[in-house]
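K.L.:
Numbered according to the numbering used here, the sequence shown spans residues 2 to 268. Every residue, glycine too, gets a C-beta built ideally from N, C-alpha and C. Bear in mind that the values here come from a model prediction, so they are computed numbers and not experimental data. Let me give you the structure first, and then I'll get to my questions.
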Amino acid sequence: MTEIQSSTFENEPPTTKDLKKYFVDKNLNNTTRESIDCAAHMILVIESPRDTVHVGLAHMVNRLKVCRADAGFATPETEIYTPISEFCSEDTIPPSIVGCVLPNQHETMQRVWNSSSPVKYEDVENNPQLALIKNKLLELKCKSMLMQRLVWNDKLIGIACVDHTTSNHIWNQTEIDFMERFCTKFLAPLAGISNYWHNPKMHHMFKKPSDSELVAIQLAAKGMSSKLIAIELNKSVRTVENQLRHARKRLNAHNLAELIKKCEPWL
């Protein structure tokens, strides 16, 4: 049996079974039960990028005993960074950071993008590295932060952050190691897969067929021939065949059946 590779999940929408095999079964003997349960839960809500991230953030808050965890999708070139999901501790109830706009080109963020390991920002109020965005962070009651870039299939896709809002916490190596390990093994790839296949406004928009192409593909999925599709849409057979050919090329589908399968999230 061929072993599933992570890169496979970028070629076609993965099944729940394949995700479970790769992220849960494969890690049963080298990961804590809590992280495995979290991964399984993330897979259950994989069709919602926001929910997928939220489940992962909840585990991070509980494991690290922090006040808040948040994450968002972006790239190093993006002008602004905005978290799309968060999980806050019920014990401290920090202000929400979702929708907060941060300057992504600021060195604070670029330092995170350029580091494979988590970046810590302690004593936010007096940290000279945060001087230009200190007021924004203090509004959010940030006192100590740990940030990790998210990488999926060698692509930088976002940032995750955990922070304390009630004390100037000093991050220890165990916490840093967990942050890096969990984000690398579970949060980044599962969030990336969810966002890639289930958020048409994000990274894979360039692959989505046009609306007219999707109509033709939807009819083809019902078993209609190019001739019948042409009659249904009042188009020439040649136009329909060109639309299907163009969609196949864009999605790297070798045949019509493969095209239909790859378009399932949009049909």
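Could you tell me the distance, in whole angstroms, from the CA atom of ASN30 to the CA atom of ALA40?
P.N.:
C-alpha separation (whole angstroms): 14 Å.
K.L.:
Three or more C-beta pairs under 8 Å: does that hold for the stretch 120-129 against the stretch 90-97?
P.N.:
These segments do not touch.
K.L.:
Taking DSSP as the reference, what is the three-state secondary structure of LEU147?
P.N.:
Residue state, collapsed to three classes: strand.
K.L.:
How would you label ILE158, buried or exposed, when you count the other beta carbons within 10 angstroms and need 16 or more for buried?
P.N.:
Buried.
K.L.:
Who are the Cβ neighbours of VAL1 in its own chain at under 8 Å, not counting the five residues just before and after it?
P.N.:
Summary: the structure shown does not reach residue 1, with the chain confined to residues 2 through 268, and so no result is reported for it.
K.L.:
Are the CB atoms of LYS263 and PRO14 nearer to each other than 8 Å?
P.N.:
Yes, the pair counts as a contact, with Cβ atoms nearer than the cut-off.
K.L.:
With three or more beta-carbon pairs closer than 8 Å as the criterion, would you say the stretch 66-83 touches the stretch 154-173?
P.N.:
The stretch 66-83 vs the stretch 154-173: in contact.
K.L.:
Hey, out of LEU138, TRP172, PHE183, whose CA is closest to LEU151's CA?
P.N.:
Checking every option, the nearest Cα to that of LEU151 belongs to PHE183.
K.L.:
Buried or exposed for PRO96, please, with buried defined as at least 16 other CB atoms from any protein chain shown within 10 angstroms of its CB.
P.N.:
PRO96 comes out exposed.
K.L.:
Considering Cα atoms alone, identify which of ASP124, GLU80, ARG112, PRO119 is closest to LEU103.
P.N.:
Answer by Cα proximity: GLU80.
K.L.:
Let's see if you can read the secondary structure: which residues bound the alpha helix (DSSP H) around ASP212?
P.N.:
Per DSSP, ASP212 belongs to the alpha helix (DSSP H) from 212-222.
K.L.:
On the three-state DSSP scale, how would you describe HIS165?
P.N.:
Reduced to three states, the DSSP call for HIS165 is strand.
K.L.:
Give the straight-line distance between the Cα atoms of LYS186 and PHE10, rounded to the nearest whole angstrom.
P.N.:
Each residue's Cα considered, the two are about 15 Å apart.
K.L.:
Touch check for the stretch 239-250 and the stretch 212-231: three-plus C-beta pairs under 8 Å?
P.N.:
Judged by Cβ distances under 8 Å, the stretch 239-250 makes contact with the stretch 212-231, as three or more pairs qualify.
K.L.:
Over the uninterrupted alpha helix (DSSP H) stretch that includes GLY193, give me the two end residues.
P.N.:
Here the alpha helix (DSSP H) through GLY193 covers 189-199.
K.L.:
Can you give me the C-alpha to C-alpha distance between ALA189 and TRP153, rounded to a whole angstrom?
P.N.:
About 6 Å.
K.L.:
Quick check: is any heavy atom of the ligand PLP less than 7 Å from the C-beta of LYS209?
P.N.:
In the structure shown, the ligand PLP is absent, as is every other ligand, since no ligand is present at all.
K.L.:
Going by other Cβ atoms of all chains shown within 10 Å of its Cβ, with 16 needed for buried, is ALA231 buried or exposed?
P.N.:
So ALA231 ends up on the buried side.
K.L.:
Is it true that the stretch 105-124 meets the stretch 170-179, where meeting means three or more beta-carbon pairs spaced less than 8 Å apart?
P.N.:
The stretch 105-124, when compared against the stretch 170-179, does touch it at the 8 Å Cβ threshold.
K.L.:
Going by C-alpha distance, which of GLU87, PRO50, PRO77, GLY73 is nearest VAL62?
P.N.:
For the residues GLU87, PRO50, PRO77, GLY73, the minimum Cα distance to VAL62 belongs to GLU87.
K.L.:
With the cut-off set at 8 Å, would you say LYS250 and VAL238 are in Cβ contact?
P.N.:
No, the pair does not count as a contact, with Cβ atoms beyond the cut-off.
K.L.:
Would you list, in sequence order, the uninterrupted alpha helix (DSSP H) runs of no fewer than 4 residues that lie entirely inside the stretch 25-66?
P.N.:
The qualifying runs are 34-45, 50-65.
K.L.:
How many whole angstroms separate the CB atoms of TRP172 and LEU147, which I take to be in contact at a CB cut-off of 8 Å?
P.N.:
Yes, TRP172 and LEU147 are in contact; Cβ-Cβ is about 5 Å, under 8 Å.
K.L.:
Between which two residues does the beta strand (DSSP E) containing SER86 stretch?
P.N.:
Run containing SER86: 86-89, per the beta strand (DSSP E) assignment.
K.L.:
Per DSSP, which one or two residues make a beta bridge with LEU138?
P.N.:
Answer by DSSP bridge pairing: none, since LEU138 is not bridged.
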